[in-house]
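Protein sequence lines correspond, in order, to chains A and B. The opening position of the first sequence corresponds to residue 143 in the working numbering, with each subsequent residue numbered one higher. The opening position of the second sequence corresponds to residue 121 in the working numbering, with each subsequent residue numbered one higher. As structure tokens, the structure follows; a few thoughts come after it.
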Amino acid sequence: MKISKSIPGTWFFIMAISSLFIGLLFGALGGLQYVLPGFLKEALSFQKIRPLHVYLVINWIFCAAAGAVYYYIPYVSGRKLYSTLLAKLHILIQLIILIWVVTGFFMGRFGGREYLEFPPYIVVLIIVAWILFMINFFVTVRPSFKEVPVYIWSWSTGLLFFLITICEAQLWLLPHFNNNIIRDITVQWKAMGSMVGSWNMLVYGSAMFVMEKITGDKGINRSKKAFFFYFLGLTNLLFNWGHHTYIVPSSELVRTISYTISMTELLILANIIYSFRKTYFKTNPHKHFLSFRIVTYAEAWILLNLVLSISISVPAINFYTHGTHITVAHAMGTTIGINTLLLLSSLVLIAEEMIGDGKLFTPYFNRSFIFLNISLLVFWLSLVGMGICKIIAVHEKNSFTEMMARLYPYFQVFSISGIFVFLGLLLVLMPVFKTFLKLGLAKQSSDPS
Amino acid sequence: MQKLLIFAILFITYITYSSWVYTRGTDRASIMSSHQELGKQIYQEYNCQSCHQLFGLGGYLGPELTTVISDKNRGELYARILLENGAIRMPNFHLSPKQVNALIDYLKYVDANAFTYKTDGK
Ligand code: HEM
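In structure tokens:
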């Protein structure tokens with residue numbers, strides 16, 4: 143059975159890719175500000191560029207994940223989408239939020255916290271949009287949790303915990319939290335850490351569906367192992383956030399719990415993808431080969447990031463690495479190498495279901511994809527290098543200015559390879575973007591959802 | 121059924137843990153004054169966190185500020201000069217003297233509560 147066209151899904155993909163392209167442009171400008179201190183310092187300083195970049199690229203992750211869910215749920219449930227009207231409303235609100243936040247940042251209107259720098263009242267709209275999405279999901283799927291495959295659990299968890307954590311991230315508005323810096327920072331990172339877990343649940347859920355679709359093996363998402371992995375992921379989502387806050391003087395217990403739990407999650411995912419690869423070669427070697435290929439690259443990134451995350455979750459190492467670009471390597475390594483690639487595998491799978499399997503698998507795509515991965519590796523290594531160099535500089539008691547001078551060669555590599563990552567993503571995503579744009583603009587009469 | 125049970129147990133543990141984190145797990149800090157709170161608000165409105173870290177959290181283009189006040193090589197006066205004039209990378213925000221005072225007061229509060237920085241000998 144083929145996946146059928148979803149208008150809301152298509153428009154979410156169009157919004158997601160546009161958001162990513164613009165977000166990458168700001169990332170590249172931010173990279174240049176590292177190399178050229180005076181560059182756009184007054185007109186569009188890092189104070190605006192960083193939130194513009196981070197907001198837009200995270201918006202890519204959320205919109206692409208939502209688009210994939212809109213495409214997949216009629217297929218997995220065998221029902222039509224509950225309400226196209228609610229879905230359209232969801233898109234509309236999402237678009238309003240996007241425009242509002244981006245213009246606000248341009249005009250220097252902040253007032254929120256890191257990663258959610260916009261004024262807190264915008265969160266009300268985010269919550270409304272999310273509830274519309276949840277209604278559509280749960281009424282369409284009507285999951286009976288005793289039997290459903292693991293990706294339904296994953297999506298449901300992602301949906302629920304984004305709602306919980308976006309609310310939790312607003313607790314600072316209450317004096318009980320705001321007036322106590324330790325509580326405030328701890329709760330902020332608790333909420334953000336679990337929010338990252340919530341989008342991972344959405345992304346991994348879709349990745350697991352992709353694997354099932356490619357191999358035709360329904361067992362992989364119903365096995366004991368798959369559920370073991372899911373519950374371990376959930377435990378991480380709930381309790382591992384503390385590794386962001388080792389240095390914050392909260393109770394010792396927070397550190398112990400998060401360290402113990404941090405060590406496990408990605409390994410299991412790598413394991414699952416690994417076994418998927420075996421099944422793939424046994425069962426169905428020519429279906430959606432491109433999506434398969436992208437997933438195997440994501441697997442390599444998972445392993446690489448796993449080594450880094452486990453290292454920086456060890457308190458003795460974290461003592462040195464926290465507050466350095468190693469954290470940024472961790473953040474961008476996982477959001478690009480893992481989240482973006484896994485989402486790309488979904489987008490490619492869906493696009494090829496629409497236009498014909500193998501249509502996107504061209505030498506052009508291949509070359510661009512390799513180019514992207516090499517650039518990303520250099521980009522990632524430059525961030526790790528910056529982090530290590532900063533640790534040495536701090537150890538030798540360099541002043542901030544001396545340290546910045548010492549890091550300069552790394553900044554150059556970071557900034558240039560960042561531009562290459564931008565180009566790589568542009569090249570890889572362009573054919574996918576065009577496909578969805580054509581689908582979105584085509585006559586809507588054939589829309590079954 | 122088993123799966124729902126595991127989920128329920130995890131969820132209840134999460135709620136319990138969260139309530140503890142919201143209260144006793146984080147009660148070491150002193151409570152900030154309203155003037156310091158104003159400083160915090162300005163810190164957010166100017167998005168200082170995009171370039172600076174407190175407790176290692178925030179963007180990385182600028183220096184970590186948790187202990188800027190008690191740092192022998194930096195200190196309050198230096199911080200004031202930076203806030204009033206900007207520097208090579210730090211923009212001049214044309215802050216009013218009142219805003220600068222509130223920001224400094226907030227940074228003092230953060231510094232006073234940075235126990236982990238001091239006991240670790242940093
Ligand atoms: C899909 C692509 C990308 C994603 C998902 C992404 C995501 C992120 C995230 C989550 C952060 C916050 C990091 C943290 O707080 O530790 C960040 C920061 C940043 N990113 Fe990206 N990024 C992407 C591509 C790029 C590219 C191509 C560049 C070009 C140079 C870039 C430049 C930056 C810069 C300069 C920062 C700020 C680092 C700092 O705080 O000093 N990003 N990005």
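We put the beta carbon where it would ideally sit given N, CA and C, even for glycine. As the structure is a computational prediction, the values presented were derived from the model and not from experiment.
Original post:
For A:R548, which three-state DSSP category applies?
Top reply: Locating residue 548 of chain A in the first sequence gives position 406, counting from the first residue. Correct three-state label for A:R548: helix.
Subject >> Spatial distance of B:F213 from A:V292 (CA atoms) >> reply: Along the second sequence, read from residue 1 onward, the residue named residue 213 of chain B stands at position 93. Along the first sequence, read from residue 1 onward, the residue named residue 292 of chain A stands at position 150. Their Cα atoms are separated by approximately 51 angstroms.
Original post:
Enumerated in chain order, which unbroken segments of the alpha helix (DSSP H) with a length of 4 residues or greater are wholly contained in the region 414-485 of chain A?
Top reply: Counting whole runs of 4 or more residues, the region 414-485 of chain A contains the alpha helix (DSSP H) stretches 431-455, 457-463 and 467-474.
Original post:
So, helix, strand or coil for A:E495, using DSSP?
Top reply: Walking along the first sequence from the start, residue 495 of chain A turns up at place 353. Correct three-state label for A:E495: helix.
**OP:** Determine the contact status of B:Y134 and A:L305, defining contact as a CB-CB distance below 7 angstroms.
**Re:** Position 14 of the second sequence holds residue 134 of chain B. Position 163 of the first sequence holds residue 305 of chain A. In this structure, A:L305 does not lie closer than 7 angstroms to B:Y134 by Cβ.
Original post:
At what residues does the alpha helix (DSSP H) containing B:R200 begin and finish?
Top reply: The residue you call residue 200 of chain B lines up with position 80 of the second sequence. Per DSSP, B:R200 belongs to the alpha helix (DSSP H) from G195 to N205.
Subject >> Helix, strand or coil at B:E184 [DSSP, three-state] >> reply: Start at 1 with the first residue of the second sequence, and residue 184 of chain B comes out as number 64. B:E184 falls in the strand class under three-state DSSP.
Original post:
Looking at the structure shown, is A:Q312 part of a helix, part of a strand, or coil, going by DSSP?
Top reply: For the purposes of this step, residue 312 of chain A is taken as the residue at position 170 of the first sequence. Correct three-state label for A:Q312: coil.
Subject >> Closest Cα partner of B:R144 within the set A:A271, A:I530 and A:P391 >> reply: Along the second sequence, read from residue 1 onward, the residue named residue 144 of chain B stands at position 24. Checking every option, the nearest Cα to that of B:R144 belongs to A:P391.
**OP:** Answer yes or no: does any C-beta atom of chain A fall closer than 7 angstroms to that of B:E165?
**Re:** Along the second sequence, one-based indexing puts residue 165 of chain B at 45. Chain A contact via Cβ: present.
**OP:** Name the two residues that bound the continuous alpha helix (DSSP H) containing A:V211.
**Re:** To locate residue 211 of chain A, count along the first sequence from 1; it is residue 69. For A:V211, the enclosing alpha helix (DSSP H) stretches over residues F188 to S219.
Original post:
For the region 164-187 of chain A, which residues have a beta carbon sitting closer than 9 angstroms to at least one beta carbon of chain B?
Top reply: Contact residues of the region 164-187 of chain A toward chain B are G172, Q175, Y176, P179, G180, K183, E184 and S187 (C-beta to C-beta distance below 9 angstroms).
Subject >> Contacting residues, own chain, Cβ-Cβ under 6 angstroms from B:S190 (five flanking each side not counted) >> reply: Numbered from its first residue, the second sequence carries residue 190 of chain B at position 70. Excluding five sequence positions before and after B:S190, the CB atoms of its chain that fall closer than 6 angstroms to its own CB belong to D231, given in chain order.
Subject >> Local conformation of A:G253 per DSSP, three classes >> reply: Within the first sequence, residue 253 of chain A is the residue found at index 111, counting from 1. DSSP, reduced to helix, strand and coil, places A:G253 outside both helices and strands of the structure shown, so it counts as coil.
Subject >> Residue span of the alpha helix (DSSP H) that contains A:W272, given as start and end >> reply: Taking the first sequence and counting its residues from 1, the one referred to as residue 272 of chain A is at position 130. Looking at the DSSP string, the run of the alpha helix (DSSP H) that includes A:W272 is I264 to V283.
Original post:
Nearest to A:S160 by alpha carbon, out of A:R284, A:V266, A:L228 and A:W202?
Top reply: Residue 160 of chain A sits at position 18 when you count from the first residue of the first sequence. Of A:R284, A:V266, A:L228 and A:W202, the residue nearest in Cα terms is A:W202.
Original post:
If we ignore side chains and look at the alpha-carbon of each, how far apart do A:P573 and A:I444 end up?
Top reply: Indexing the first sequence from 1 puts residue 573 of chain A at position 431. Indexing the first sequence from 1 puts residue 444 of chain A at position 302. A:P573 and A:I444 have their C-alpha atoms spaced approximately 26 angstroms apart.
Original post:
Does the region 172-187 of chain A come close enough to the region 214-228 of chain A that 3 or more CB-CB pairs lie under 8 angstroms?
Top reply: With the cut-off at 8 angstroms, the region 214-228 of chain A and the region 172-187 of chain A do not touch.
Original post:
Out of curiosity, what's the CA-to-CA distance linking A:F521 and A:H464?
Top reply: Locating residue 521 of chain A in the first sequence gives position 379, counting from the first residue. Locating residue 464 of chain A in the first sequence gives position 322, counting from the first residue. So the two alpha carbons sit approximately 19 angstroms from each other.
Original post:
Is the beta carbon of A:L484 within less than 6 angstroms of some heavy atom of the ligand HEM?
Top reply: Within the first sequence, numbered from 1, the residue matching residue 484 of chain A stands at position 342. No, the beta carbon of A:L484 sits no closer than 6 angstroms to any heavy atom of the ligand HEM.
Original post:
Measuring CA to CA, which of A:L491, A:L486 and A:L450 is closest to A:K147?
Top reply: Residue 147 of chain A sits at position 5 when you count from the first residue of the first sequence. Nearest of A:L491, A:L486 and A:L450 to A:K147, Cα basis: A:L491.
Original post:
Residues of chain A with CB under 8 angstroms from B:T146, in chain order?
Top reply: Start at 1 with the first residue of the second sequence, and residue 146 of chain B comes out as number 26. Within chain A, the residues N322, I324, R325, T328, V329, S392 and S393 have their CB atoms less than 8 angstroms from the CB of B:T146, given in chain order.
Original post:
B:Y134 versus chain A: which residues are under 7 angstroms apart at the beta carbon?
Top reply: Residue numbering aside, residue 134 of chain B sits at position 14 when the second sequence is read from its first letter. Residues of chain A passing the Cβ test: L380.
Subject >> Burial state of B:M121 (16 or more Cβ within 10 Å) >> reply: The residue you call residue 121 of chain B lines up with position 1 of the second sequence. Exposed is the label assigned to B:M121, since fewer than 16 other Cβ atoms lie within 10 Å of its Cβ.
Original post:
Sorry if obvious, but does the Cβ on A:A473 come closer than 6 angstroms to a heavy atom of the ligand HEM?
Top reply: One-based indexing of the first sequence puts residue 473 of chain A at position 331. For the ligand HEM, at least one heavy atom lies less than 6 angstroms from the Cβ of A:A473.
**OP:** Give a yes or no on whether 7 angstroms exceeds the smallest Cβ distance from B:L158 to chain D.
**Re:** The displayed structure is made up of protein chains A and B, and chain D is not among them.
Subject >> A:W383 beta carbon less than 7 angstroms from that of A:W331 >> reply: Position 189 of the first sequence, counting from 1, holds the residue named residue 331 of chain A. Position 241 of the first sequence, counting from 1, holds the residue named residue 383 of chain A. Going by C-beta atoms, A:W331 is nearer than 7 angstroms to A:W383.
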